[in-house]
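Numbering-wise, our numbering puts 65 at position 62 of the sequence shown, and it's gapless, one number per residue.
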Amino acid sequence: MTFGEICLAHPEQRRVAHVAAGGGVTLSFGLTLVDWPSDWPKSGIDRQFFESRGFEILREEG
Numbered sequence: 004m005t006f007g008e009i010c011l012a013h014p015e016q017r018r019v020a021h022v023a024a025g026g027g028v029t030l031s032f033g034l035t036l037v038d039w040p041s042d043w044p045k046s047g048i049d050r051q052f053f054e055s056r057g058f059e060i061l062r063e064e065g
């Protein structure tokens, strides 16, 4: 699914990017974990990328 399709499937939900200590990222919309959007790059993503799309960032300590 593309980012737009995920947004349509989960309207008005809190968007969170969960960043693991090892660098992996899990995305959630409300209480639902979602797959990485098919139209997003796999690398080279920074904090601003998520924030500009309405995500809160939660970082795991480690």
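Note that beta-carbon positions come from the ideal geometry of N, C-alpha and C, so glycine has one too.
On a predicted model such as this, the values are computed, not experimentally measured, just so you know.
For residue i, three-class secondary structure by DSSP
| i | result |
| --- | --- |
| A12 | helix |
| G7 | helix |
Contact under 7 Å by Cβ, residue i with residue j
| i | j | result |
| --- | --- | --- |
| Q51 | F32 | no |
| F6 | P40 | yes |
| F53 | A23 | no |
| V28 | I9 | no |
Neighbourhood of residue i by C-beta distance below 8 Å, restricted to the same chain and skipping five residues each side
| i | result |
| --- | --- |
| L11 | none |
| I60 | V19, A20, V22, R50, F53, E54 |
Beta-ladder partner(s) of residue i, from DSSP
| i | result |
| --- | --- |
| R62 | V22 |
| T35 | F32 |
Enclosing alpha helix (DSSP H) for residue i [first to last residue]
| i | result |
| --- | --- |
| R50 | 50-54 |
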